[in-house]
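Protein chains in written order, with the working numbering: chain A, 1 to 223; chain B, 1001 to 1169. Each residue gets a CB set at the ideal place from its N, CA and C atoms; glycine is no exception.
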Amino acid sequence: MLQKLYDWVDERLDITPLWRDVADHEVPEHVNPAYHFSAFVYCFGGLTFFTIVIQILSGMFLTMYYVPDINNAWDSVYYLQNQVAYGVIVRGMHHWGASVTIVMVFLHTLRVFFTGAYKKPRELNWIVGVLLFFVILGLGFTGYLLPWDMKALFATKVGLDIAASFPFIGDWIKVLLQGSDIVGAQTLARFFAIHVFFLPAALLGLLAAHFLMIRRQGISGPL
Amino acid sequence: MSNKEHDVSRRQFLNYTLMGVGGFMAATMVAPMARFAIDPLLQKKEGTEMIYVMDVKDITTEPQNKKFTVKKVDGWHKFDEQNIAYIFKKKNGDILALSPTCTHLGCTVAWNDDPAHPNQFHCPCHGGRYTKTGINIPGTPPPAPLGVYKTQVKDGKLYLGEVQSRGGA
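1) Which residues of the stretch 92-125 of chain A have a Cβ closer than 8 Å to any Cβ of chain B? Give them in chain order.
2) Is the beta carbon of Ile219/A less than 8 Å from the beta carbon of Pro33/A?
3) For a contact defined as C-beta to C-beta under 9 Å, what are the partners of Met1019/B on chain A?
4) How big is the Cα-Cα spacing for Thr1103/B and Val1073/B?
5) Do the CB positions of Ile56/A and Pro147/A come within less than 8 Å of each other?
6) Can you tell me the Cα-Cα spacing of Ala1085/B and Lys1067/B, whole angstroms?
7) Just to confirm, is the Cβ distance from Ala73/A to Leu188/A under 8 Å?
8) Which same chain residues end up closer than 8 Å to Asp1080/B when comparing Cβ atoms and leaving out the 5 residues on each side of it in sequence?
9) Considering only DSSP beta bridges, list what Lys1090/B is partnered with.
10) Starting from Phe1068/B and walking both ways along the beta strand (DSSP E), at which residues does that stretch end?
11) So Asn72/A contacts chain B; which residues on that side make the cut at Cβ distance below 8 Å?
12) Mapping DSSP to helix, strand and coil, what is Phe114/A?
13) Do we get a CB-CB distance below 8 Å when we pair Asp14/A with the residues of chain E?
14) What does Tyr86/A touch in chain B if you count any residue whose Cβ is under 7 Å from its own?
15) Run through DSSP, which three-state label would Ile1095/B get?
16) Just to confirm before moving on: does the CB-CB distance between Val135/A and Leu203/A stay below 8 Å?
17) Check for me: the alpha helix (DSSP H) holding Met64/A runs from which residue to which?
18) Along the chain, where does the alpha helix (DSSP H) containing Glu123/A start, and where does it finish?
19) Could you compute how far the alpha carbon of Gly1134/B sits from the alpha carbon of Asn1119/B?
Right under this line is the structure:
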């Protein structure tokens, strides 16, 4: 049945080369945990991507109930967590997944660093990876404010004060991020927009570049 | 052992197990989110409580415009909804509480405010008219009679509940 459907589409659109290009690539022995168990360290990049997929999915579903407004944000989070079926699980996936993503990014970075995989000709991919790291930290920072509880508020105040300590332009950065002279209604709206539109767009673009480069250059050789 | 002795080849076996395990993992991820998203379909509907509107002894045969407040809960948003009922006693003594929402396009009808058609409910939007008991008058836009509030009389007091539609005609 599925095979017939696939054949019908393939006959018209010739889709086989499309996924063959993606799926067919060499996986060298030194990165395959089936040969050397210690090669599991090569999984952290894929695991980072896996957690990012979970973050995007759970985040999409959370916005069905969440409202980025100072009067309703906390109540909408309370409602989706306590009144909506599996709300505590979906929010939990996003909450804990955020930390897991950062841990995985860190482990992936360590693996790349200690195997020297960042060296020529892969410097550009290292740079894109560092940008991805900053984008993910930004997602963590902006997402932290959204539940609009006391922890969120004061963590954001501290974060913005750190931004304000940047030489010369610190105060501008703070106002730009805050959107106001206090952490308030405009900050919440702004952080929401950054969290769900701007940074995810940057994230997807950088991920595409990251994956294209690894496919073009292949996995770095064994130590 | 060669593959020929088996109905399932090594490649097929690996395909099935990997797809099965992968599918299971994807399902455990997506199932809670799907249930989360379709929750409005499955939320239990709470019956609206009956609200005290007026004393039975004050009800006349002339429809009276009575306002009353219903506490509504919409997710995290709680608000008071202002409702209007036209309340009167029918000839046989039954109490009728009509909803003033026109069944044409939802404007609010008024009682006896059109000099050309006395003792009728009249809708200002498109000239829809209803008889005193809320039956839509043929030749005017409304396709159905006015809705009726569920009524309950207790200790000489009238309580109103949900509006019930009286169908189309």
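Taking the definition as stated:
1) Met93
2) Numbered from 1 along the first sequence, position 219 holds the residue referred to as residue 219/A. Numbered from 1 along the first sequence, position 33 holds the residue referred to as residue 33/A. Contact: no.
3) Locating residue 1019/B in the second sequence gives position 19, where the first residue counts as 1. Under the 9 Å cutoff, chain A gives no residues; its nearest Cβ is about 11 Å from Met1019/B.
4) Looking up residue 1103/B in the second sequence gives position 103. Looking up residue 1073/B in the second sequence gives position 73. So the two alpha carbons sit approximately 25 Å from each other.
5) The residue you call residue 56/A lines up with position 56 of the first sequence. The residue you call residue 147/A lines up with position 147 of the first sequence. No.
6) For this step, residue 1085/B is matched to residue 85 along the second sequence. For this step, residue 1067/B is matched to residue 67 along the second sequence. Using only the alpha carbons, I get a separation of about 7 Å.
7) Taking the first sequence and counting its residues from 1, one reaches residue 73/A at position 73. Taking the first sequence and counting its residues from 1, one reaches residue 188/A at position 188. Yes, the Cβ-Cβ distance between Ala73/A and Leu188/A is below 8 Å.
8) The residue labelled residue 1080/B in the question sits at position 80 within the second sequence. Thr1069, Val1070, Lys1071, Lys1072, listed in sequence order.
9) Position 90 of the second sequence, counted from the first residue, corresponds to residue 1090/B. None, per the DSSP bridge assignment.
10) Walking along the second sequence from the start, residue 1068/B turns up at place 68. Run containing Phe1068/B: 1064-1074, per the beta strand (DSSP E) assignment.
11) Within the first sequence, numbered from 1, the residue matching residue 72/A stands at position 72. Here the neighbours are Trp1076, His1077.
12) Position 114 of the first sequence holds residue 114/A. It is helical.
13) No chain E is present in this structure, whose protein chains are A and B.
14) Locating residue 86/A in the first sequence gives position 86, counting from the first residue. What Tyr86/A touches in chain B: Pro1032, Arg1035, Phe1036.
15) Here residue 1095/B is taken as the residue at index 95 of the second sequence, counted from 1. Note: Ile1095/B maps to strand in three-state DSSP.
16) By one-based count along the first sequence, residue 135/A stands at place 135. By one-based count along the first sequence, residue 203/A stands at place 203. Yes, the pair counts as a contact, with Cβ atoms nearer than the cut-off.
17) Here residue 64/A is taken as the residue at index 64 of the first sequence, counted from 1. First-last for Met64/A: undefined, no H or E at that position.
18) The count along the first sequence starts at 1 and reaches residue 123/A at position 123. Its alpha helix (DSSP H) spans residues 123-145.
19) Counted from its first residue, the second sequence places residue 1134/B at position 134. Counted from its first residue, the second sequence places residue 1119/B at position 119. Roughly 11 Å separates the two Cα atoms.
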